[in-house]
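*Asks:*
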Amino acid sequence: MTGVLRVGNASGFYGDRSTAWREMLDGGELDVLTGDYLAELTMLILGRDRLRDPDLGYARTFLRQLEGCLGTALDRGVRIVTNAGGLNPAGLAAAIGVLADRLGLTVRVAHVEGDALARPDALTANAYLGAFGIAACLDAGADVVVTGRVTDASLAVGPAIARFGWGRDDLDALAGATVAGHLIECGAQVTGGNFSFFTELPDGGHRPGFPIAEIHPDGSSVLTKHPGTGGAVTVETVTAQLLYEVGGPDYLGPDVVTRLDTVRLHPDGPDRVRVDGVRGTPPPAILKVGVNNLGGFRNAMTFVLCGLDIPAKAALVRGQVEAAVGTDGLEFTLARTDHVDAVDTETASALLHVHLRDGDRARAGRAFSAAAVELALASYPGCTLTTLPGDATPYGVFTADAVPQADVPHVAVLPDGTRLPVPPPRTVAPAVAGPTPGTAGPTPVAGPTRRGPLGELVGARSGDKGGDANLGVWARTDATWEWLRGWLTVDRLAELLPETAASTVERYELPNLRAVNFVIRGLLGPGVAASTRFDPQAKALGELLRSRIVDLPAARTPGPPAAGEADR
2 MTGVLRVGNA SGFYGDRSTA WREMLDGGEL DVLTGDYLAE LTMLILGRDR LRDPDLGYAR
62 TFLRQLEGCL GTALDRGVRI VTNAGGLNPA GLAAAIGVLA DRLGLTVRVA HVEGDALARP
122 DALTANAYLG AFGIAACLDA GADVVVTGRV TDASLAVGPA IARFGWGRDD LDALAGATVA
182 GHLIECGAQV TGGNFSFFTE LPDGGHRPGF PIAEIHPDGS SVLTKHPGTG GAVTVETVTA
242 QLLYEVGGPD YLGPDVVTRL DTVRLHPDGP DRVRVDGVRG TPPPAILKVG VNNLGGFRNA
302 MTFVLCGLDI PAKAALVRGQ VEAAVGTDGL EFTLARTDHV DAVDTETASA LLHVHLRDGD
362 RARAGRAFSA AAVELALASY PGCTLTTLPG DATPYGVFTA DAVPQADVPH VAVLPDGTRL
422 PVPPPRTVAP AVAGPTPGTA GPTPVAGPTR RGPLGELVGA RSGDKGGDAN LGVWARTDAT
482 WEWLRGWLTV DRLAELLPET AASTVERYEL PNLRAVNFVI RGLLGPGVAA STRFDPQAKA
542 LGELLRSRIV DLPAARTPGP PAAGEADR
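In terms of the working numbering, the sequence shown has 500 at position 499, counting the first letter as 1, and numbering is strictly consecutive.
So this is what it looks like as structure tokens:
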């Protein structure tokens with residue numbers, strides 16, 4: 002089929018803007034509206050829900066959102082595709098049917114299953130399925146398609162397969178649609194949300210609209226948003242999202258390996274960016290599996306240390322807490338938020354964060370927090386804490402492994418109840434190493450320098466994948482790129498962000514985006530649910546890097562790229 006498929010997205014995570022579904026349906030023309038609710042942490046949350054009630058395990062907020070707009074979607078012929086099914090896609094599909102009956106609506110609901118793997122020792126274990134099950138449901142006439150764990154981009158790729166009739170061998174088209182899906186999967190992050198240069202946006206980043214991908218039969222696309230909504234769609238907002246939570250140039254997926262170093266971005270009018278040139282190669286023979294386990298229990302207390310002798314005060318607290326509860330599982334982090342010769346208590350104070358993780362709920366609970374509070378009149382001068390004592394909470398540990406694609410029973414359950422097996426790809430790539438990460442680029446451009454924050458010249462976006470962090474940095478102009486690629490090495494990163502120095506760091510260049518991407522292995526420990534870092538998902542790591550004062554090339558000036566340099 003020819004024409005353009007307009008795929009919108011109304012959710013980037015479990016807890017996203019509740020009104021987005023209504024805003025997207027009322028804002029303009031759409032063919033498909035997607036909603037992404039799943040992340041590694043979400044699967045843990047849903048797994049705990051299911052422990053309490055086996056009928057749960059899906060994103061219940063989606064049902065509340067759907068109640069107010071299902072009728073509108075049906076009236077306008079907008080098909081809905083969502084991974085809100087989580088650990089129980091069949092349960093959510095059934096609940097949608099009950100909702101439709103209560104609303105007096107006739108709706109054809111299908112779902113995709115097979116991602117859940119039998120791992121008796123795990124709380125959750127789910128393979129990341131591809132898009133062909135979604136396409137089969139849409140081909141069968143589904144108005145709503147519910148999935149469990151599919152790759153985020155598959156929510157957009159599946160409708161494109163169904164519209165254009167792509168097969169397994171249409172690798173470039175699949176890769177192009179994968180990029181489109183990746184760009185819209187996080188909602189407003191591609192329309193100005195979390196954007197380094199948010200002060201340059203027309204509305205200052207106040208309320209960015211949600212995105213739309215206009216996907217073409219060859220897999221190319223145009224990223225845009227509804228007219229009159231906030232934020233902006235520019236080459237830079239798209240670049241920022243393209244760098245989010247990726248590794249090397251080979252972006253592995255169950256249906257195709259997408260070559261991120263082939264993506265081209267071009268301005269296509271106000272709030273429109275054309276994405277083309279994407280190339281794909283056969284997918285691997287394996288599927289990624291995300292596994293969540295309960296790791297134990299955690300608790301935290303924070304001491305406020307004001308005035309003089311901050312290190313000595315922190316040492317005193319440490320010794321007292323360790324004497325009270327023992328040293329196992331304790332972590333102490335001293336945040337030097339204090340200022341010299343401050344005029345008020347807050348700016349004169351540092352914060353000592355004390356974390357405890359343990360398999361014993363009682364030790365991590367009141368035994369720990371009460372021991373901290375008991376120091377209130379028996380510790381350093383000015384002793385105070387930020388919270389009352391509290392109980393421990395369970396935490397999870399995320400790990401990833403892989404299974405052969407052929408071993409996973411990918412099934413599309415059609416609106417009439419027919420169970421249609423989805424065969425794995427016939428052609429797969431051997432398990433070979435991807436592009437070798439480097440540590441440095443070419444020799445840095447020499448010349449006069451000036452001191453200033455790195456963020457004057459570059460943007461950044463960072464995020465998490467299990468225990469690893471990714472940090473993508475892009476240059477705003479060609480001239481800055483020639484400097485950046487030689488200057489920002491792995492060693493330089495360790496100087497600017499000392500916490501990365503102990504990690505294995507992979508560095509990849511994406512010249513087509515004027516970008517360098519770093520993958521920092523193990524920085525987040527056992528994952529977000531167990532991390533005690535101040536920034537457990539590394540979301541602010543890029544902004545920390547941009548804030549560092551460095552020797553900038555004097556000839557480079559801050560500001561947005563010129564018109565000719567916006568085309569990538």
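Glycine residues also receive a C-beta, built at the ideal position from the N, C-alpha and C atoms.
Got a sec, what are the start and stop residues for the alpha helix (DSSP H) L67 sits in?
*Replies:* Translated into the one-based positions of the sequence shown, residue 67 becomes position 66. First-last of the alpha helix (DSSP H) with L67: R61 to E68.
*Asks:* What does Y252 pair with, by DSSP beta-bridge criteria?
*Replies:* Residue numbering aside, residue 252 sits at position 251 when the sequence shown is read from its first letter. According to DSSP, which records beta bridges pairwise, Y252 is partnered with T259.
*Asks:* Would you mind giving the Cβ-Cβ distance between G254 and L172, rounded to the nearest angstrom? I have them listed as a contact below 8 Å.
*Replies:* Residue 254 sits at position 253 when you count from the first residue of the sequence shown. Residue 172 sits at position 171 when you count from the first residue of the sequence shown. At roughly 11 Å, the Cβ-Cβ gap does not stay under 8 Å, so G254 and L172 are not in contact.
*Asks:* Rounded to a whole number of angstroms, what is the C-alpha to C-alpha distance between R61 and A555?
*Replies:* Stepping through the sequence shown from its first residue, residue 61 is reached at position 60. Stepping through the sequence shown from its first residue, residue 555 is reached at position 554. Computed Cα separation, rounded: 54 Å.
*Asks:* Which first and last residues belong to the beta strand (DSSP E) in which D402 is found?
*Replies:* Within the sequence shown, numbered from 1, the residue matching residue 402 stands at position 401. Element bounds for D402: T394 to P405.
*Asks:* Do the segment 418-427 and the segment 310-320 make contact, defined as three or more Cβ pairs closer than 8 Å?
*Replies:* With a cut-off of 8 Å, the segment 310-320 and the segment 418-427 do not count as touching, because too few Cβ pairs lie within range.
*Asks:* Only counting runs of 3 or more residues, tell me where the beta strand (DSSP E) segments fall wholly within the segment 342-371, in order along the chain.
*Replies:* Taking only runs of at least 3 residues, the beta strand (DSSP E) segments lying wholly in the segment 342-371 are 350-359.
*Asks:* Quick one: what's got a C-beta closer than 8 Å to V239's C-beta in the same chain, skipping five residues either side?
*Replies:* Position 238 of the sequence shown holds residue 239. Closer than 8 Å at the Cβ level, and outside the excluded window around V239, lie L184, V191, L224, L266, V274 and V276.
*Asks:* Give the list of continuous alpha helix (DSSP H) stretches no shorter than 4 residues that lie fully inside the segment 471-512.
*Replies:* Here the runs fully enclosed are 479-488 and 491-497.
*Asks:* Does the separation of the CB atoms of G397 and N293 fall below 8 Å?
*Replies:* Counting from one through the sequence shown, the residue named residue 397 turns up at place 396. Counting from one through the sequence shown, the residue named residue 293 turns up at place 292. Result yes, Cβ atoms of G397 and N293 sit closer than 8 Å.
*Asks:* What residue does the beta strand (DSSP E) around K314 start on, and which one ends it?
*Replies:* Here the question's residue 314 lines up with position 313 in the sequence shown. Unbroken run through K314 is the alpha helix (DSSP H), I311 to V326; no beta strand (DSSP E).
*Asks:* Which term fits A365, buried or exposed, when burial requires 16 or more other beta carbons within 10 angstroms of its beta carbon?
*Replies:* As a first step, residue 365 is located in the sequence shown; it is residue number 364 there, counting from the start. The residue in question, A365, is buried, as its Cβ has 16 or more Cβ neighbours within 10 Å.
*Asks:* Cβ-heavy atom distance between G220 and the ligand NAD below 7 Å?
*Replies:* As for the ligand NAD, it is missing from this structure, which has no ligand bound.
*Asks:* Closest by CA to G460, which one among R547, G528 and L6?
*Replies:* As a first step, residue 460 is located in the sequence shown; it is residue number 459 there, counting from the start. For the residues R547, G528 and L6, the minimum Cα distance to G460 belongs to R547.
*Asks:* On the three-state DSSP scale, how would you describe V82?
*Replies:* Counted from its first residue, the sequence shown places residue 82 at position 81. Here V82 sits in strand by DSSP.
*Asks:* My output table needs one value for E237: the three-state DSSP class, helix, strand or coil.
*Replies:* If you number the sequence shown from 1, residue 237 lands on position 236. Residue state, collapsed to three classes: helix.
*Asks:* With DSSP as the reference, identify every bridge partner of P268, one or two as the case may be.
*Replies:* The residue labelled residue 268 in the question sits at position 267 within the sequence shown. Paired residues: V274.
*Asks:* Counting beta carbon pairs with one atom in the segment 346-360 and one in the segment 327-334, are three or more of them shorter than 8 Å?
*Replies:* Touching, yes.
*Asks:* For L124, which three-state DSSP category applies?
*Replies:* The sequence position of residue 124 within the sequence shown is 123, counting from 1. L124 falls in the coil class under three-state DSSP.
*Asks:* Give me the DSSP bridge partner(s) of S197.
*Replies:* Mapped onto the sequence shown, residue 197 falls at position 196. Note: S197 sits in no beta bridge, so no partner.
*Asks:* Would you decide whether I162 is buried or exposed? Buried here means 16 or more other CB atoms lie within 10 Å of its CB.
*Replies:* Within the sequence shown, numbered from 1, the residue matching residue 162 stands at position 161. So I162 ends up on the buried side.
*Asks:* Whose CA, out of G391, L386 and A132, lies closest to the CA of N300?
*Replies:* One-based indexing of the sequence shown puts residue 300 at position 299. Per the Cα distances, G391.
*Asks:* Does A176 pass the burial test, meaning 16 or more other C-beta atoms within 10 Å, or should it be called exposed?
*Replies:* Reading the sequence shown from its first residue, position 175 is the one you call residue 176. Label assigned to A176: buried.
*Asks:* Any idea which residues DSSP pairs P562 with across the strands?
*Replies:* Taking the sequence shown and counting its residues from 1, one reaches residue 562 at position 561. According to DSSP, which records beta bridges pairwise, P562 is partnered with nothing at all.
*Asks:* Would you check if the distance between the CB atom of V79 and the CB atom of L139 is smaller than 8 Å?
*Replies:* For the purposes of this step, residue 79 is taken as residue 78 along the sequence shown, with counting starting at 1. For the purposes of this step, residue 139 is taken as residue 138 along the sequence shown, with counting starting at 1. Taking 8 Å as the Cβ cut-off, V79 and L139 do not qualify as a contacting pair.
*Asks:* Give the DSSP bridge partners of A176, in chain order.
*Replies:* Here residue 176 corresponds to residue number 175 of the sequence shown, with the count starting at 1. Paired residue(s): none; A176 is not in a bridge.
*Asks:* Do you know offhand how far H112's Cα is from T501's?
*Replies:* What you label residue 112 is simply residue 111 of the sequence shown in a count that begins at 1. What you label residue 501 is simply residue 500 of the sequence shown in a count that begins at 1. Cα-Cα distance, rounded: 42 Å.
*Asks:* Among T505, V290, S380 and D256, whose alpha-carbon lies nearest the alpha-carbon of R427?
*Replies:* To locate residue 427, count along the sequence shown from 1; it is residue 426. Checking every option, the nearest Cα to that of R427 belongs to D256.
*Asks:* Mind checking E30: buried by the 16 CB within 10 Å criterion, or exposed?
*Replies:* For the purposes of this step, residue 30 is identified with residue 29 of the sequence shown, where counting begins at 1. So E30 ends up on the exposed side.
*Asks:* Give me the Cα-Cα distance between D417 and L67, rounded to the nearest whole angstrom.
*Replies:* As a working mapping, residue 417 is identified with position 416 in the sequence shown. As a working mapping, residue 67 is identified with position 66 in the sequence shown. For D417 and L67, the distance between alpha carbons rounds to 21 Å.
*Asks:* In the DSSP assignment, what are the bridge partners of N10?
*Replies:* What you label residue 10 is simply residue 9 of the sequence shown in a count that begins at 1. Paired residue(s): T35.
*Asks:* Out of G131, R150, V146 and V147, state which residue places its alpha-carbon closest to the alpha-carbon of V158.
*Replies:* By 1-based counting over the sequence shown, the position of residue 158 is 157. When only C-alpha atoms are compared, the closest one is G131.
*Asks:* Pull the bridge partners of V99 from the DSSP assignment, please.
*Replies:* Counting from one through the sequence shown, the residue named residue 99 turns up at place 98. The partner list for V99 (beta bridge, DSSP) is empty, contrary to what the question assumes.
*Asks:* Going by DSSP, what residue range makes up the alpha helix (DSSP H) through L47?
*Replies:* As a working note, residue 47 is residue 46 in the sequence shown. From DSSP, the alpha helix (DSSP H) with L47 extends over E41 to R53.
*Asks:* To test your reading of the DSSP string, which unbroken alpha helix (DSSP H) runs of 4 or more residues are found completely within the segment 124-158?
*Replies:* 133-140, all fully within the segment 124-158.
*Asks:* According to DSSP, which residues form a beta bridge with D469?
*Replies:* The residue labelled residue 469 in the question sits at position 468 within the sequence shown. Partner(s): K466.
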